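Encoded as structure tokens, the structure appears first; notes follow it.
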Amino acid sequence: MRAILLALIVGSLVACTQSPTGRSQVLLFSENDMQRLGEQSFAQIKEQENISNDRELNRYVQCITDSLVAELSGTSQWEVVLFNSDQANAFALPGGKVGVYTGLLKIADTQDQLAAVIGHEIAHVLARHSNERVSRTQLTNIGLSAADAALGQSGVRQPAMAALGLGVQVGYLLPYGREQEAEADRLGLQLMAQAGFDPQQAVTLWRDMAAAEAGNQPPELLSTHPSHGTRIQGLSALVPDANNLYMQARAQGRRPACGR
Ligand SMILES: [Zn+2]
1 MRAILLALIV GSLVACTQSP TGRSQVLLFS ENDMQRLGEQ SFAQIKEQEN ISNDRELNRY
61 VQCITDSLVA ELSGTSQWEV VLFNSDQANA FALPGGKVGV YTGLLKIADT QDQLAAVIGH
121 EIAHVLARHS NERVSRTQLT NIGLSAADAA LGQSGVRQPA MAALGLGVQV GYLLPYGREQ
181 EAEADRLGLQ LMAQAGFDPQ QAVTLWRDMA AAEAGNQPPE LLSTHPSHGT RIQGLSALVP
241 DANNLYMQAR AQGRRPACGR
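Mapping the sequence shown onto the UniProt record's numbering, position 187 (from 1) lands on 187, and the numbers just tick up by one.
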């Protein structure tokens, strides 16, 4: 029953597309919907969190973000905000919004390592992972509420398409899936290398993250970006190709010097 309903809904509503690495994705929402969600969430987060006005640190984070974004096709504007917090965390939302917490700078303590994290976050946005997550959750809800209605139950589940409220802060609070993590690792590594950041530093960064997780202050980043045993292996395997991009970028004069 639920399967049939889901199939009907999927058939009528869903845009089946491919991610940048060729994985098929079920996306229920338009780019505009997701952009609006991202912007709303970001505005909300900026109200709740303490924004850093440390000029030097802001310049540093902006410089790294600008270097990465310069490698993206398209003309969309990206905004990065640095938040004062001991959290070792960062996120990116649809609509080109990036948040970095000062606590992250203690683990990602070189420009190349911070570029690895921001590149990874941007990659989640480029690959429309938020849309995928909200879509999955909505599909489950639609399936359940339709099944409830058919069974004569009501009011238990959220109404179908219960606004996008669910999506507020998505990409911020919900963990990404294993496939999404692997995809963001791969795309993020390419992006940082193209921008002239050393891709080997991504491996170092995630190793340091894993080490910090084993300590008494697990990085918050890992709660939304679960690290799998295979992450370091997967990344290491991608470094040689990324290194070629890195060498090309350096030869072409892309040598970010964001310093600190
Ligand atoms: Zn991630």
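Think of the CB as a built atom: it goes at the ideal place given N, C-alpha and C, for glycine as much as any other residue. Source: prediction; values computed, not measured.
> DSSP puts serine 24 in a beta bridge; with which residues?
Replying inline: Serine 24 is bridged by DSSP to Gln18.
>> Short of 6 Å in beta carbon distance, which residues of its chain neighbour phenylalanine 42, apart from the five on each side in sequence? Order them along the chain.
In response: Leu93, Lys97, listed in sequence order.
>> Between the alpha carbons of leucine 191 and leucine 68, how many angstroms are there, rounded?
In response: In this model, leucine 191 and leucine 68 are separated by some 7 Å (Cα to Cα).
> Quick one: does glutamine 200 have its CB under 8 Å from some CB of chain B?
Replying inline: No chain B is part of this structure, which consists of one protein chain only.
>> Beta-carbon distances below 6 Å to any heavy atom of ligand 1 define the shell here; list its residues in chain order, please.
In response: Cβ-based neighbours of ligand 1 within the cut-off: His120, His124, Tyr176, Glu181, Ala184, His225.
>> Taking its Cβ as the centre, do 16 or more other Cβ atoms sit within 10 Å of arginine 133, making it buried, or is it exposed?
In response: Arginine 133 comes out buried.
> Helix, strand or coil for alanine 212 per DSSP?
Replying inline: In this structure, DSSP gives alanine 212 a helical state, which the three-state scheme calls helix.
> CB-CB under 7 Å to glycine 155, same chain, minus the five flanking residues each way: which ones, in chain order?
Replying inline: Note that glycine 155 has pLDDT 42, beneath the 50 cutoff, so the model's placement of it is unreliable and no number is given.
> Does the Cβ-Cβ distance between asparagine 89 and leucine 221 come in under 8 Å?
Replying inline: It is a contact, given that the beta carbons lie within the stated cut-off.
> What are the boundary residues of the alpha helix (DSSP H) that alanine 257 is part of?
Replying inline: Unbroken run through alanine 257: none, as it is neither H nor E.
> Can you name the start and end residues of the alpha helix (DSSP H) that leucine 56 belongs to?
Replying inline: Here the sequence assigns glutamate to residue 56, which means leucine is not the residue at that position. Segment 55-69, the alpha helix (DSSP H) holding glutamate 56.
> In its own chain, which residues sit with a C-beta less than 6 Å from the C-beta of cysteine 258, not counting the 5 before and 5 after it?
Replying inline: Cβ-Cβ distances below 6 Å link cysteine 258 to Tyr60, Cys63, Ile64, Gln111 in the same chain, with the five nearest sequence neighbours on each side left out; the list follows chain order.
> When you compare only the Cα positions, how much space is there between residue 302 and alanine 116?
Replying inline: Because the chain in this structure spans residues 1 to 260, residue 302 falls outside the shown range and cannot be described.
> So what's alanine 116 in DSSP terms, helix, strand or just coil?
Replying inline: Helix, per DSSP.
> Between glutamate 56 and phenylalanine 91, is the Cβ-Cβ spacing less than 8 Å?
Replying inline: Pairing glutamate 56 with phenylalanine 91 gives a Cβ-Cβ distance that is not under 8 Å.
>> So, with DSSP's three-state summary, where would you put asparagine 243?
In response: Collapsing the DSSP output to three states places asparagine 243 in a helix.
> Whose C-alpha, out of Asn131, Ser52, Trp78, Leu27, is nearest the C-alpha of glycine 119?
Replying inline: Of the candidates Asn131, Ser52, Trp78, Leu27, the one whose C-alpha sits nearest the C-alpha of glycine 119 is Trp78.
> Any contact of the region 176-193 with the region 230-240, i.e. 3+ C-beta pairs under 8 Å?
Replying inline: With the cut-off at 8 Å, the region 176-193 and the region 230-240 touch.
> Span of the alpha helix (DSSP H) holding alanine 43?
Replying inline: Element bounds for alanine 43: 31-48.
>> Am I right that proline 175 and alanine 242 are in contact with their C-beta atoms under 8 Å? What's the rounded C-beta distance?
In response: So it is not a contact: roughly 25 Å between Cβ atoms.
> Is it right to say proline 256 is buried, meaning 16 or more other beta carbons lie within 10 angstroms of its own, or is it exposed?
Replying inline: Looking at its Cβ environment, which holds 16 or more other Cβ atoms inside 10 Å, proline 256 is buried.
> For glutamine 252, which of Gln87, Leu126, Gln194, Gln217 has the nearest alpha-carbon?
Replying inline: The shortest C-alpha separation from glutamine 252 is found at Gln194.
> According to DSSP, which residues form a beta bridge with glutamate 220?
Replying inline: Partner(s): none; glutamate 220 has no beta bridge.
> Using CA coordinates, which residue listed in Gln40, Gln113, Ser30, Val81 is at the minimum distance from asparagine 53?
Replying inline: Asparagine 53 has its Cα closest to that of Val81, out of Gln40, Gln113, Ser30, Val81.
> Under 8 Å, do valine 239 and serine 135 count as touching if we go by C-beta distance?
Replying inline: The answer is no: Cβ separation not under 8 Å.
> By how many angstroms is the C-alpha of glutamine 138 removed from the C-alpha of arginine 254?
Replying inline: Between arginine 254 and glutamine 138, the C-alpha separation is close to 42 Å.
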